[in-house]
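Colleague: Quick one: structure below, then a few questions.
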Amino acid sequence: MKKSLLLVFLLVGCHDPFYVPPLSTATSSIVESSSINKVSTLNNELLHSEYLYYQGRHLYNNNKKIETIYHTSSGIELSFMGSSLSIQFDIVGSGDVYLRVALDEEILPDGQRIKVNQNNLSHNLFSNLDNSEHHITLLKESESTHGLLSLKSITTDGYFLPYQSKDRLKFLCLGASGISGHGALGSQGQGWSSNNSSSL
Numbered sequence: 407m408k409k410s411l412l413l414v415f416l417l418v419g420c421h422d423p424f425y426v427p428p429l430s431t432a433t434s435s436i437v438e439s440s441s442i443n444k445v446s447t448l449n450n451e452l453l454h455s456e457y458l459y460y461q462g463r464h465l466y467n468n469n470k471k472i473e474t475i476y477h478t479s480s481g482i483e484l485s486f487m488g489s490s491l492s493i494q495f496d497i498v499g500s501g502d503v504y505l506r507v508a509l510d511e512e513i514l515p516d517g518q519r520i521k522v523n524q525n526n527l528s529h530n531l532f533s534n535l536d537n538s539e540h541h542i543t544l545l546k547e548s549e550s551t552h553g554l555l556s557l558k559s560i561t562t563d564g565y566f567l568p569y570q571s572k573d574r575l576k577f578l579c580l581g582a583s584g585i586s587g588h589g590a591l592g593s594q595g596q597g598w599s600s601n602n603s604s605s606l
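Counting from 407, one number per residue, gives the positions in the sequence shown under the working numbering.
Here it is in structure tokens:
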């Protein structure tokens, strides 16, 4: 049976001050570029290259040289050869944005949780790994209401590998605060915050 579904992945938060207009009908993509051997830092136009697979809506800002990931559950997948990985973000807004990172065989929502805000833009995600091939998935737990998040650079002590396409089921998800995990981690009577919300 042939699988030929169009991937459109869209999760909509509530009362969104950071609305980004529709970018395209295909919301997860691998963007082709000329192959470069042993690239150790993804920044500028390389954020929009074959080394990264984007889940959800994303937009490259040519002026700021950053790649914006928008809705909750949006993010990236990548593979690299090396023992460490670090990432630098850019953010618009004063709130906290939470992301979850899965390494190799981990499956989200398992994995490391990181918090990004104006005072915490650089993260050393992994260090002292086996100096071998690794794969990560990084997805945004928070709603777009909490902050407009962008990737500024990703660095390894080794080099990045071109993303290998996978055969996977593809779904269209539409919803508002409930499907975005609005307060999903909180207890009864607790007010909503970015810390107690997760779409994963």
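Glycine residues also receive a C-beta, built at the ideal position from the N, C-alpha and C atoms.
The structure displayed is predicted, hence computed values, not measured ones.
#1: If leucine 531 sits next to isoleucine 497, beta carbons under 8 Å apart, how far is it from one beta carbon to the other, in whole angstroms?
#2: Okay, do the segment 455 to 474 and the segment 556 to 566 touch, 3+ Cβ pairs below 8 Å being the bar?
#3: From which residue to which residue does the beta strand (DSSP E) around phenylalanine 532 run?
#4: Spell out the partners DSSP gives threonine 561 in its beta bridges.
#5: If we call anything under 9 Å between Cβ atoms a contact, is glycine 488 one with leucine 458?
#6: Between which two residues does the beta strand (DSSP E) harbouring leucine 509 extend?
#7: When you compare only the Cα positions, how much space is there between glycine 564 and glutamate 511?
#8: Which class does histidine 477 belong to by DSSP, given the choice of helix, strand or coil?
Modeller: With the given structure in hand:
#1: Here the question's residue 531 lines up with position 125 in the sequence shown. Here the question's residue 497 lines up with position 91 in the sequence shown. Rounded, the Cβ-Cβ distance is 17 Å, inconsistent with contact.
#2: Put simply, the segment 455 to 474 touches the segment 556 to 566. At least three CB pairs are less than 8 Å apart.
#3: Along the sequence shown, read from residue 1 onward, the residue named residue 532 stands at position 126. Element bounds for phenylalanine 532: 528 to 532.
#4: Taking the first residue of the sequence shown as position 1, residue 561 is located at position 155. Paired residues: Thr447 and Ser492.
#5: Locating residue 488 in the sequence shown gives position 82, counting from the first residue. Locating residue 458 in the sequence shown gives position 52, counting from the first residue. No, the Cβ-Cβ distance between glycine 488 and leucine 458 is not below 9 Å.
#6: Position 103 of the sequence shown, counted from the first residue, corresponds to residue 509. Here the beta strand (DSSP E) through leucine 509 covers 503 to 509.
#7: Here residue 564 corresponds to residue number 158 of the sequence shown, with the count starting at 1. Here residue 511 corresponds to residue number 105 of the sequence shown, with the count starting at 1. If I take the Cα positions, the gap works out to 20 Å.
#8: Residue 477 sits at position 71 when you count from the first residue of the sequence shown. Three-state DSSP puts histidine 477 in coil, outside helix and strand.
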